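Enquirer: What follows is a single structure, and I will ask about it in a moment.
2 protein chains.
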Amino acid sequence: ARPRVGYYYSGRSPNRVVAEKLCSVKVGTIISIPAVVTENCSVYDAVVAMFIKDVGTLFVVKEVGLLEGVLSRKDLLKTTLGGHDIHQLPVGVIMTRMPNVIYTTSDETVWSAAKKLITHQVDALPVVRSATQADGGEGLEVIGRLSKTNITRLFVELGEGQ
Amino acid sequence: ARPRVGYYYSGRSPNRVVAEKLCSVKVGTIISIPAVVTENCSVYDAVVAMFIKDVGTLFVVKEVGLLEGVLSRKDLLKTTLGGHDIHQLPVGVIMTRMPNVIYTTSDETVWSAAKKLITHQVDALPVVRSATQADGGEGLEVIGRLSKTNITRLFVELGEGQ
Numbered sequence: 082a083r084p085r086v087g088y089y090y091s092g093r094s095p096n097r098v099v100a101e102k103l104c105s106v107k108v109g110t111i112i113s114i115p116a117v118v119t120e121n122c123s124v125y126d127a128v129v130a131m132f133i134k135d136v137g138t139l140f141v142v143k144e145v146g147l148l149e150g151v152l153s154r155k156d157l158l159k160t161t162l163g164g165h166d167i168h169q170l171p172v173g174v175i176m177t178r179m180p181n182v183i184y185t186t187s188d189e190t191v192w193s194a195a196k197k198l199i200t201h202q203v204d205a206l207p208v209v210r211s212a213t214q215a216d217g218g219e220g221l222e223v224i225g226r227l228s229k230t231n232i233t234r235l236f237v238e239l240g241e242g243q
Numbered sequence: 082a083r084p085r086v087g088y089y090y091s092g093r094s095p096n097r098v099v100a101e102k103l104c105s106v107k108v109g110t111i112i113s114i115p116a117v118v119t120e121n122c123s124v125y126d127a128v129v130a131m132f133i134k135d136v137g138t139l140f141v142v143k144e145v146g147l148l149e150g151v152l153s154r155k156d157l158l159k160t161t162l163g164g165h166d167i168h169q170l171p172v173g174v175i176m177t178r179m180p181n182v183i184y185t186t187s188d189e190t191v192w193s194a195a196k197k198l199i200t201h202q203v204d205a206l207p208v209v210r211s212a213t214q215a216d217g218g219e220g221l222e223v224i225g226r227l228s229k230t231n232i233t234r235l236f237v238e239l240g241e242g243q
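First to last, the sequence lines map onto chains E and H. Counting from 1 along the first sequence, just add 81 to a position and that's the residue number in our numbering. Counting from 1 along the second sequence, just add 81 to a position and that's the residue number in our numbering.
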């Protein structure tokens, strides 16, 4: 173990040490399991799925697992309020649809992904990788979920060293 | 300005520098304006207030501004789904009520408040201070809001020094 007192050569100010540490963590190391539904799922079933899986954001995928859209708690709340028949209305009508979905990858830094969450005012990003379907079509396969909860948990862990 | 290269005496490992920095920021420096409703507000009006004020959590206060409860987007979504008459149902029926509300103060560290967000699985905390009413009653006055968004924004800012 390293001694807890002494001289370290750093050449870096404390703020820089902090910034470099925060920017060294990759998305892949802190992501959660994604919760997904398909496009023909009803709004009612999507709300139920959100509670059962205890997430704030659902990803909408094609049957083969490729990303089609994103559904937030806010989208669902707006729809349940609107007097629609939520047992009939499919989530495809209300979701944010590709190519307007903001996403991240395992290799991106958490810092850069956190910036996307703030800039685009969303609570979670799908973590994706490129995939080729059997019919030769290209798409993005959903492999994880990165939310503000993951960032907050990382913040708590990094502060634990004190 | 400090030179960007050279020896610093620190006696601290980089992880400790990061932890000390993260634990030095106080809640009061990063909080947002609270969005409040009163206990007799209907669920419908609360959802509308949530969209207009663009927040994910509302605080419920007495007319004099003392904290009575908290309403999350999840609480409201559950209620809109339940087939209640949300124009009649007051938020007092569905909110999390004092003394079960988790809160923070301006002087607490962001790190400690972030730990509360994770431990109690909530998206935001009311920032309060002790207050005495005209009739001599004691309570907690709501002076701000600390959410996972504030933590994520701080994370982005601290990483910006790179």
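Just so it is clear, CB atoms sit at the ideal spot from N, CA and C, and this is done for glycine as well. Values in this document were obtained by computation on a predicted structure and should not be read as measured data.
Closer than 8 Å is the cut-off here; do at least three beta carbon pairs connect the segment 169-176 of chain E with the segment 102-109 of chain E?
Expert: With a cut-off of 8 Å, the segment 102-109 of chain E and the segment 169-176 of chain E do not count as touching, because too few Cβ pairs lie within range.
Enquirer: Could you tell me how far apart the beta carbons of residue 208/H and residue 183/H are, in whole angstroms, since I believe they sit closer than 8 Å?
Expert: Position 127 of the second sequence, counted from the start, is the residue given in the question as residue 208/H. Position 102 of the second sequence, counted from the start, is the residue given in the question as residue 183/H. Rounded, the Cβ-Cβ distance is 12 Å, inconsistent with contact.
Enquirer: Using DSSP's beta-bridge definition, name the partner residues of residue 147/E.
Expert: Counting from 1 along the first sequence, the entry for residue 147/E is found at position 66. For residue 147/E, which the question treats as bridged, DSSP gives the partners 222/E.
Enquirer: Spatial neighbours of residue 130/H within its chain, please: C-beta separation below 7 Å, excluding the five flanking residues on both sides.
Expert: As a first step, residue 130/H is located in the second sequence; it is residue number 49 there, counting from the start. Answer for residue 130/H: 116, 118 and 139, listed in chain order.
Enquirer: Could one say the Cβ of residue 170/E lies closer than 8 Å to chain H's Cβ atoms, at least one of them?
Expert: Mapped onto the first sequence, residue 170/E falls at position 89. False, the Cβ-Cβ gap to chain H never drops below 8 Å.
Enquirer: For a quick check, are the C-beta atoms of residue 147/E and residue 220/E less than 8 Å apart?
Expert: As a first step, residue 147/E is located in the first sequence; it is residue number 66 there, counting from the start. As a first step, residue 220/E is located in the first sequence; it is residue number 139 there, counting from the start. A contact, by the Cβ cut-off of 8 Å.
Enquirer: List, in order along the chain, the chain E residues whose C-beta lies closer than 7 Å to that of residue 96/H?
Expert: Against the second sequence, residue 96/H aligns to sequence position 15. Within chain E, the residues near residue 96/H are 242.
Enquirer: For residue 113/H and residue 224/H, what's the separation of their Cα atoms in angstroms?
Expert: Here residue 113/H corresponds to residue number 32 of the second sequence, with the count starting at 1. Here residue 224/H corresponds to residue number 143 of the second sequence, with the count starting at 1. Taking the straight line joining both Cα atoms gives about 9 Å.
Enquirer: Taking the CB atoms as reference points, tell me whether residue 233/E and residue 205/H lie closer together than 8 Å.
Expert: The sequence position of residue 233/E within the first sequence is 152, counting from 1. The sequence position of residue 205/H within the second sequence is 124, counting from 1. No, Cβ-Cβ distance for residue 233/E and residue 205/H is not below 8 Å.
Enquirer: State yes or no: is the beta carbon of residue 154/H nearer than 8 Å to at least one beta carbon in chain E?
Expert: Residue 154/H sits at position 73 when you count from the first residue of the second sequence. Answer yes: the Cβ-Cβ gap between residue 154/H and chain E drops below 8 Å somewhere.
Enquirer: Taking C-beta to C-beta, are residue 153/E and residue 163/E nearer than 8 Å?
Expert: By one-based count along the first sequence, residue 153/E stands at place 72. By one-based count along the first sequence, residue 163/E stands at place 82. No, they are not a contact pair.
Enquirer: Who are the near neighbours of residue 179/E in its chain, counting only those whose CB is closer than 7 Å to its CB and skipping five residues on each side?
Expert: Along the first sequence, one-based indexing puts residue 179/E at 98. Excluding residues within five positions, the ones whose Cβ falls inside 7 Å are 148, 149 and 150.
Enquirer: I'd like to check one pair, residue 230/H with residue 229/E: are the Cβ atoms closer than 8 Å?
Expert: Stepping through the first sequence from its first residue, residue 229/E is reached at position 148. Stepping through the second sequence from its first residue, residue 230/H is reached at position 149. Yes; because the gap between Cβ atoms is below 8 Å, this pair is in contact.
Enquirer: Step through the CB atoms of chain E and report whether any lies within less than 8 Å of the CB of residue 107/H.
Expert: Counting from 1 along the second sequence, the entry for residue 107/H is found at position 26. No, no contact with chain E.
Enquirer: Could you give the residue range of the beta strand (DSSP E) that holds residue 193/E?
Expert: Here the question's residue 193/E lines up with position 112 in the first sequence. Premise fails: residue 193/E lies in the alpha helix (DSSP H), 191-200, not in any beta strand (DSSP E).
Enquirer: Against chain E, with Cβ distances strictly below 8 Å, would residue 122/H count as a contact?
Expert: As a position in the second sequence, residue 122/H is number 41, starting the count at 1. For residue 122/H, the answer is no, since every Cβ of chain E falls outside 8 Å of its Cβ.
Enquirer: Mind listing the chain H neighbours of residue 237/E? Cutoff is C-beta to C-beta under 7 Å, in chain order.
Expert: Here residue 237/E refers to the residue found at position 156 of the first sequence. Near residue 237/E (Cβ distances below 7 Å), the residues of chain H are 192, 195, 196 and 199.
Enquirer: Distance check for residue 217/E and residue 200/H, CA to CA, integer angstroms please.
Expert: Along the second sequence, one-based indexing puts residue 200/H at 119. Along the first sequence, one-based indexing puts residue 217/E at 136. Cα-Cα distance, rounded: 45 Å.
Enquirer: Restricting to Cα atoms, I'd like to know which of 239/E, 235/E, 211/E and 167/E is closest to residue 145/E.
Expert: For the purposes of this step, residue 145/E is identified with residue 64 of the first sequence, where counting begins at 1. Selected option, being the one with the closest Cα: 211/E.
Enquirer: What ranges does the alpha helix (DSSP H) occupy inside the segment 90-163 of chain E, keeping only unbroken runs of at least 4 residues that lie completely in it?
Expert: Taking only runs of at least 4 residues, the alpha helix (DSSP H) segments lying wholly in the segment 90-163 of chain E are 95-103, 124-133 and 154-162.
Enquirer: Does the beta carbon of residue 229/H sit closer than 8 Å to a beta carbon anywhere in chain E?
Expert: Along the second sequence, one-based indexing puts residue 229/H at 148. Yes, contact with chain E.
Enquirer: Could you say which of 158/H, 111/H, 238/H and 134/H lies nearest to residue 189/H if we only look at CA atoms?
Expert: On the second sequence, position 108 is the one that residue 189/H refers to. The option with the nearest alpha carbon to residue 189/H is 111/H.
Enquirer: Would you mind telling me which residues of chain H sit closer than 8 Å to residue 234/E, beta carbon to beta carbon, in chain order?
Expert: As a working mapping, residue 234/E is identified with position 153 in the first sequence. Neighbours of residue 234/E on chain H, chain order: 199.
Enquirer: Would you say residue 93/E touches the ligand SAM, meaning its beta carbon is less than 7 Å from a heavy atom?
Expert: This structure lacks the ligand SAM; in fact it carries no ligand of any kind.
Enquirer: Please report how far the alpha carbon of residue 167/E lies from the alpha carbon of residue 126/E, in whole angstroms.
Expert: Against the first sequence, residue 167/E aligns to sequence position 86. Against the first sequence, residue 126/E aligns to sequence position 45. So the two alpha carbons sit approximately 9 Å from each other.
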